[in-house]
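Number of protein chains: 2
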Amino acid sequence: MTALSHPDLTRNQALVLKALDSAEGPLGAYAILDALRDKGFRAPLQVYRALDKLLEFGLVHRLESINAFVACAHPECHAHSTIAFAICEKCGKVSEFGDKEVEGRLESWARAHNFKASKTTIEIRGRCEKCAEEAA
Amino acid sequence: MTALSHPDLTRNQALVLKALDSAEGPLGAYAILDALRDKGFRAPLQVYRALDKLLEFGLVHRLESINAFVACAHPECHAHSTIAFAICEKCGKVSEFGDKEVEGRLESWARAHNFKASKTTIEIRGRCEKCAEEAA
DNA sequence: TCCAGTTGTGTTATGCTATAACGTATGGCA
DNA sequence: TGCCATACGTTATAGCATAACACAACTGGA
Ligand SMILES: [Zn+2]
Ligand SMILES: [Zn+2]
Ligand SMILES: [Zn+2]
Ligand SMILES: [Zn+2]
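If you're matching them up, the sequences are chains A and B in order. Following the working numbering, the numbering of the first sequence begins with 54 at its first residue and continues without gaps. Following the working numbering, the numbering of the second sequence begins with 54 at its first residue and continues without gaps.
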């Protein structure tokens, strides 16, 4: 789905990114581990270390509210600004979007309170369009 | 700090709320357990079950990004609207605030994409005013 | 009164998420 | 060559959350 190329990804990092990228939805670290056992992965740390780097590169996002990871849908693009995620609790579909207005409001709260922000999380959980239709 | 009274809190629920309310910052479930061992608490489930109810009553918030819980700073007040949290990673101080503009923007994204939101998380991690001064 | 349903509780065991601590291997560079 | 930084592999452990079972207390109606 996304551009899988990046300067100097190591083998493990590339494998983890590929696993995330070819998954339908977000994956937990242990699900990634299971998906990569036949590539030689044995221990959670192999996954977490790769994820740390991929997060640093901005190629992967961590979804705090569900302890899972997704490949970035728009790499190269949203650089390091604040991103919001809509997560379907039924099918796992994740949509990322940015909103300058929201970002600005949160930034001004921080400025007004002398709060030095380092990372902002915005996650909406619910039902995606398709799954909402099916609901009772 | 906050109003500790609520219709029909059970003993365990009241104890957990009191523990959170008298803590300096957010507490993990196991920290609450440890704090309540001398009140007879023995197992994590005693804590989690009380927390479930307190969350339902809106007396406690869960901070998804740090797997911890805080007593609501404004019970009775912000009812069930979306709340944002600023969490100091140094001293643990948590500030809650609501922003109708932010809430509205996220709601309109959801409406535009036919996404049926059930719970929205907004958490800003960083340094509070006091701790930012001390930083190198 | 008795029964059934609901809610809270206690306990044991288990599962899922993440990191500590150790040693090894590799590549760039003075 | 010696040094440093980075990645890797493995074992063990820490931290967070729930499943499953059993029992007690209350509630409302037959
Ligand atoms: Zn992205
Ligand atoms: Zn869906
Ligand atoms: Zn609150
Ligand atoms: Zn602070």
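Cβ coordinates follow ideal geometry from the N, Cα and C atoms, glycine included.
- The three-state secondary structure of C141 (chain A), taken from DSSP, is strand.
- For E149 (chain B), the enclosing beta strand (DSSP E) has its first and last residue at 147–150.
- Excluding residues up to 5 positions away in sequence, H131, S134, T135, I136, A137 lie with their Cβ nearer than 8 Å to the Cβ of G151 (chain B) in the same chain.
- Within the DSSP secondary-structure output, E176 (chain B) pairs in a beta bridge with A:T174, B:F138.
- Residue pairing from DSSP places H114 (chain A) in a beta bridge opposite A:V123.
- In the DSSP assignment, C184 (chain A) falls within the alpha helix (DSSP H) that extends over 182–187.
- L80 (chain A) places its beta carbon less than 8 Å from that of F122 (chain A).
- DSSP places S75 (chain B) outside any alpha helix (DSSP H), giving it a letter other than H or E.
- Sorting B:K169, B:E154, B:I177 by C-alpha distance to the C-alpha of K143 (chain A) places B:K169 at the top.
- Interface flag for R158 (chain B) against chain A is set, since a Cβ pair is found closer than 8 Å.
- With fewer than 16 other beta carbons inside 10 angstroms of its own, T63 (chain B) counts as exposed.
- Within the chosen limit of 7 Å, ligand 1 does not reach the beta carbon of E117 (chain A) with any heavy atom.
- Inter-residue distance for V69 (chain A) and F94 (chain A) is about 10 Å (C-alpha atoms, whole angstroms).
- Setting aside the 5 residues that flank it on each side, T173 (chain A) is surrounded in the same chain by T135, L159, each with a C-beta closer than 7 Å to its C-beta; the list follows chain order.
- Taking all protein chains shown into account, R180 (chain B) has 16 or more neighbouring C-beta atoms within 10 Å of its C-beta and is therefore buried.
- At a cut-off of 8 Å between C-beta atoms, N167 (chain B) counts as an interface residue with respect to chain A.
- If you check each beta-carbon in the segment 65–86 of chain A against every beta-carbon of chain B, none falls closer than 8 Å.
- Taking a contact as a CB-CB distance under 8 Å, the pair A72 (chain A) and A88 (chain A) counts as one, their CB atoms being some 5 Å apart.
- Listed as beta-bridge partners of K169 (chain A) by DSSP are B:R180.
- The beta carbon of N120 (chain B) is closer than 7 Å to those of G81 in its chain, skipping five residues each way along the sequence.
- E187 (chain A) and H166 (chain A) have their C-alpha atoms roughly 44 Å apart.
- Across the structure, P97 (chain B) and P128 (chain B) are spaced so that their CA atoms are roughly 25 Å apart.
- In the three-state reduction of the DSSP assignment, G93 (chain A) falls in the coil class, being assigned neither a helical nor a strand state.
- Per DSSP, the continuous alpha helix (DSSP H) segment holding L86 (chain A) begins and ends at 82–88.
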